[in-house]
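Undergrad: The following block contains the structure, expressed as C-alpha cells.
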Amino acid sequence: MAGMVADRLLAWFEQHARDLPWRRNRTPYRVWLAEVMLQQTQVDTVIPYYERFLDRFPSVEALAEASLEDVLRIWEGLGYYARARHLHRAAREVVASMAGELPDCFEALMELPGVGTYTAGAIASMAFGEAVPAVDGNARRALCRLFGIRDDVTRSATKRRLRELAADMLPERPAGAFNEALIELGATVCTPRSPACHRCPLGDVCRAYAENEQETLPVRRPRRKTPHYDVAAAVTVREDGAVLLAQRNIDDMLGGMWEFPGGKCEDGETLAQCLVREMKEELGVTVEVGQRLTVVAHAYTHFRITLHGFWCRLTEGEPRCLDCAAVRWMLLDELDDVPMSVADRKIAGALRAGLNDSSGGAVSDFA
Ligand code: ADE
C-alpha cells in the first residue's frame, strides 16, 4: 500500500503542482526562506512577501549583512516575527561558521535557530534530497483522513505518529517531491472544509472517505475562547513634529518592532491611568493624557486587542529605556523605514491624518 500511495501521489503532483516561486530555481536558501514563511501562513499571503524579501536579500550573505530592523520591515504584516528574528540569526551563523553554505542534512539543520522538525525535514528533503519526512498541518490533515486517525491532531504524540506514517510511505527518491505532494494535496484537495474527494488520487484508499468521515477528521480539541485586552498607547509629538516611539524587547512577542509606548490595561484601571503607569515604568517619564486619537482592533493568534491611541504630553523627565530595547524621537517620514506592528502602523496613519487635518478637529487638545 505504501509504495502505491507514494506512486500515485507523485504522479498526481507532477500533473497538478501549482507553479509557485519557490518551486522554480530551488536553491537551499530559497527553499529555507519559503518553508519558514509558509509556517503558519497561507501560500497566497506568502508569495508577495517571498518575492520582496528575495529582491531585497537575494542571498544568505545579503541577509546576514542586513540589520534586524531592515529584515523586520520587510516581514511587517506577515506575523510571527520570531520567524524573521531566527532567520536573521541563523543567516549570520551560516555565514560566520559555515562559509555561507546551509547544512545539507536534517540533524545539522535542526541546530539552526528557528528550524524545527518540520522545517529541517522540508529543507533536507526538498533542497538536498534526504529521505526524511516533512509533515505540516496540511499533510497532517490528509494523513488523518487517509488512515482514519481520530486522535487529537494538536497533541505531540499524534504529530509524532503521523510523521512515522509519512516516513513509512516516503520513497528514497524523490523524497522532497513526495513531502511537497502530500502538503499540496492537503492544501488544494484535502481541504479543511468540503474536501474535493472526487478528484483525490487517494480517494479509493482513504479510510475517512470510505466512512464518510472526511468532514469530521481530523479531530482537534476545541479552541479556548481567545481573551481580549484593552491596550493604551501614547502618541506624543514634540514641537519639531517628532513622535516618541519605543522598540519592543527583542525576545518578546513582536520583539524588535517599534510602537507607540504603552501597554495592557490592568483590572480597575482607566486607560489614562494605565498610560501614566506604563510611561513611568517603560520610559521613566510622567505624561498628561489628552484626547483619544484613534482606536484599532487587532486579532493575534491567541488573543485580541483593542488599541487606544491617546494624545499625550510629557510633563516630567526625559524618555529613557527602562523596559524596552530602544527609545527614539522620529519624524513621521522616518516611521516608514522602521518595522511597526500592524496595529501601531494604523495609529501612525491616524496620526498623519490628524496632523494634516487643517480644521484642527482631530488634533491634540494640547495643540
Ligand atoms: N506549505 C509548506 N511548504 C509548502 C510548499 N513547499 N509548497 C506549498 N505549500 C507549502
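Residue numbers for the sequence shown follow our numbering, beginning at 315 and rising by one. Glycine included, each C-beta is placed from N, C-alpha and C at the ideal position.
Rounding to the nearest angstrom, what Cα-Cα distance links A363 and E630 in this structure?
TA: In the sequence on display, residue 363 carries Tyr and not Ala. Their backbone Cα atoms lie some 42 Å apart in a straight line.
Undergrad: Select from D450, V533, E375 the residue whose C-alpha is nearest the C-alpha of T355.
TA: D450
Undergrad: Measuring straight from C-alpha to C-alpha, what distance separates G668 and P536?
TA: 43 Å
Undergrad: How is the alpha helix (DSSP H) around H512 delimited, first residue to last?
TA: Run containing H512: none; DSSP gives neither H nor E here.
Undergrad: Return the first residue and the last residue of the alpha helix (DSSP H) that L437 is part of.
TA: The displayed chain sequence assigns Ile, not Leu, to residue 437. Here the alpha helix (DSSP H) through I437 covers 431 to 442.
Undergrad: Per DSSP, which one or two residues make a beta bridge with H707?
TA: In the structure as shown, the chain begins at 315 and stops at 681. Residue 707 is therefore absent and cannot be evaluated.
Undergrad: Is it the case that the Cβ atoms of F367 and A380 are separated by a distance below 8 Å?
TA: no
Undergrad: Pop quiz: L589 and A548 are said to be a contact at Cβ under 8 Å. What is the actual Cβ separation, rounded to whole angstroms?
TA: 5 Å
Undergrad: Could you check the C-alpha separation between R475 and R454 for me, to the nearest Å?
TA: R475 and R454 have their C-alpha atoms some 10 Å from each other.
Undergrad: Which ranges would you report for the alpha helix (DSSP H) in the stretch 465 to 547 if only whole runs of at least 4 residues count?
TA: 470 to 483, 489 to 502, 521 to 524
Undergrad: Let's see if you can read the secondary structure: which residues bound the alpha helix (DSSP H) around R666?
TA: 656 to 670
Undergrad: With which residues is R403 paired in a DSSP beta bridge?
TA: Paired residue(s): none; R403 is not in a bridge.
Undergrad: Round the Cβ separation of E357 and A501 to the nearest angstrom and send it over; I've been treating them as touching at under 8 Å.
TA: It is Val, not Glu, that sits at residue 357 in the sequence shown. Right, the Cβ-Cβ distance comes to about 7 Å (below 8 Å), so this counts as a contact.
Undergrad: Which two residues bound the contiguous beta strand (DSSP E) that contains R642?
TA: 640 to 644
Undergrad: If I'm right that N493 touches M440 with Cβ under 8 Å, what's the distance once you round it to whole angstroms?
TA: 7 Å
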